[in-house]
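Student: Questions regarding the structure given below will be posed in turn.
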Amino acid sequence: MSEKITKRQQAVLSAIEDCIREKGYGPTVREVCQALGLSSPSTVHVHLRALEEKGFIKRDPLKSRSIALTYPLDFDEESVVNVDEPNFEKVISVPLVGDVAAGTPILAQENITDTLLLPTDIVGDAPSFMLSVHGESMIEAGINDGDFVVVKEQPVANNGDIVVALIDDGATVKTYYREADHIRLQPENSTMEPILTTNCSICGKVVAVFRRL
1 MSEKITKRQQ AVLSAIEDCI REKGYGPTVR EVCQALGLSS PSTVHVHLRA
51 LEEKGFIKRD PLKSRSIALT YPLDFDEESV VNVDEPNFEK VISVPLVGDV
101 AAGTPILAQE NITDTLLLPT DIVGDAPSFM LSVHGESMIE AGINDGDFVV
151 VKEQPVANNG DIVVALIDDG ATVKTYYREA DHIRLQPENS TMEPILTTNC
201 SICGKVVAVF RRL
């Protein structure tokens, strides 16, 4: 087995091994949390997923005690632990929002297509959601077609904030400006005109951008 694992993944693997040696079967996620002194099951889920993808464990999603090793207990996993990792102690569960129909709340159940675990070191721990960006209206702010923005939920914004706003046609990502008798939603693309409106709802402020390579 040649895949490398991180020190934290090794700690999870060792906790699984210890449970199997002691009890004859694998631990639950909560038991792994307790063994490692962690308070968040989400953190353990991230490491278990990585270990499963690298071929060290296998799981049955329909069973709580389904964590099993794919190698004999005398296997020396120390030989494959060489990788440093960021200190992502905590993660947050963030809903991924698909296309938003006009007139529906952005986090309505029918708009949520998936849920992702993201490290709070990057996105913070405030309630947030992710949205896929369509179009090129924000390219001069470094937000491209197909990118995913992480949006901190908040109903207000300051001038210059990049926000997700609900207008008549649905959700849009723009730079926010409150002016004399209207709100200007400014595209960051010099070829496009701003949206001037007196009727929009601020869903939140963009705090991070993720991009597929």
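Here UniProt numbering is used: the first residue of the sequence shown is 1, the next is one more, and so on.
Virtual Cβ for every residue (Gly too), placed ideally from N, Cα, C.
Small disclaimer: the values here were computed from a predicted structure and weren't measured.
1) Could you check where the beta strand (DSSP E) with residue 186 kicks off and where it finishes?
2) Pick from 189, 192, 178 and 167: whose alpha carbon is nearest that of residue 203?
3) List the DSSP bridge partners of residue 177.
4) Tell me where the alpha helix (DSSP H) around residue 7 begins and ends.
5) Among 172, 179, 45 and 198, which has the Cα closest to the Cα of residue 188?
6) Does the Cβ-Cβ distance between residue 150 and residue 208 come in under 7 Å?
7) Return helix, strand or coil for residue 121, following the three-state DSSP convention.
8) For residue 81, which residues in the same chain have their Cβ closer than 6 Å to its Cβ, ignoring the five residues on either side in sequence?
9) What is the residue span of the alpha helix (DSSP H) that residue 31 lies within?
10) Throw me the rounded Cβ distance for the residue 120 and residue 92 pair, which I believe falls under 8 Å.
11) Leaving aside the five residues before and after residue 50 along the sequence, list all residues of the same chain whose C-beta is less than 7 Å from its C-beta, in chain order.
12) For a test of the three-state rule: what should DSSP assign to residue 193, helix, strand or coil?
13) On a Cα-Cα basis, can you pick out the residue from 125, 37 and 147 that is closest to residue 135?
14) Given this structure, state the Cα-to-Cα distance separating residue 94 from residue 176, to the nearest angstrom.
Tutor: Let me spell this out:
1) Within the sequence shown, numbered from 1, the residue matching residue 186 stands at position 186. Taken as a continuous stretch (DSSP letters only), the beta strand (DSSP E) holding residue 186 covers 183 to 186.
2) Within the sequence shown, numbered from 1, the residue matching residue 203 stands at position 203. Residue 203 has its Cα closest to that of 167, out of 189, 192, 178 and 167.
3) Numbered from 1 along the sequence shown, position 177 holds the residue referred to as residue 177. Looking at the DSSP output, residue 177 bridges to 184.
4) Locating residue 7 in the sequence shown gives position 7, counting from the first residue. Looking at the DSSP string, the run of the alpha helix (DSSP H) that includes residue 7 is 7 to 23.
5) Translated into the one-based positions of the sequence shown, residue 188 becomes position 188. Of 172, 179, 45 and 198, the smallest CA-CA separation from residue 188 is found for 172.
6) Position 150 of the sequence shown, counted from the first residue, corresponds to residue 150. Position 208 of the sequence shown, counted from the first residue, corresponds to residue 208. Residue 150 is a Cβ neighbour of residue 208, given a cutoff of 7 Å.
7) For this step, residue 121 is matched to residue 121 along the sequence shown. Helix at residue 121.
8) Here residue 81 corresponds to residue number 81 of the sequence shown, with the count starting at 1. Below a pLDDT of 50, predicted positions are generally treated as unreliable, and residue 81, at 48, falls in that range; no measurement from the model is reported.
9) Working through the sequence shown from its first residue, we reach residue 31 at position 31. Residue 31 -> alpha helix (DSSP H) spans 29 to 36.
10) In the sequence shown, the residue the question calls residue 120 occupies position 120. In the sequence shown, the residue the question calls residue 92 occupies position 92. Your pair residue 120 and residue 92 checks out as a contact, with CB atoms roughly 5 Å apart and the cut at 8 Å.
11) In the sequence shown, counting from the first residue as 1, residue 50 sits at position 50. A distance below 7 Å between beta-carbons, with the five flanking residues on each side excluded, links residue 50 to the following residues of its chain, in chain order: 9.
12) Taking the sequence shown and counting its residues from 1, the one referred to as residue 193 is at position 193. It is coil, neither helix nor strand.
13) Counting from 1 along the sequence shown, the entry for residue 135 is found at position 135. Per the Cα distances, 147.
14) Along the sequence shown, one-based indexing puts residue 94 at 94. Along the sequence shown, one-based indexing puts residue 176 at 176. Residue 94 and residue 176 have their alpha carbons spaced roughly 23 Å apart.
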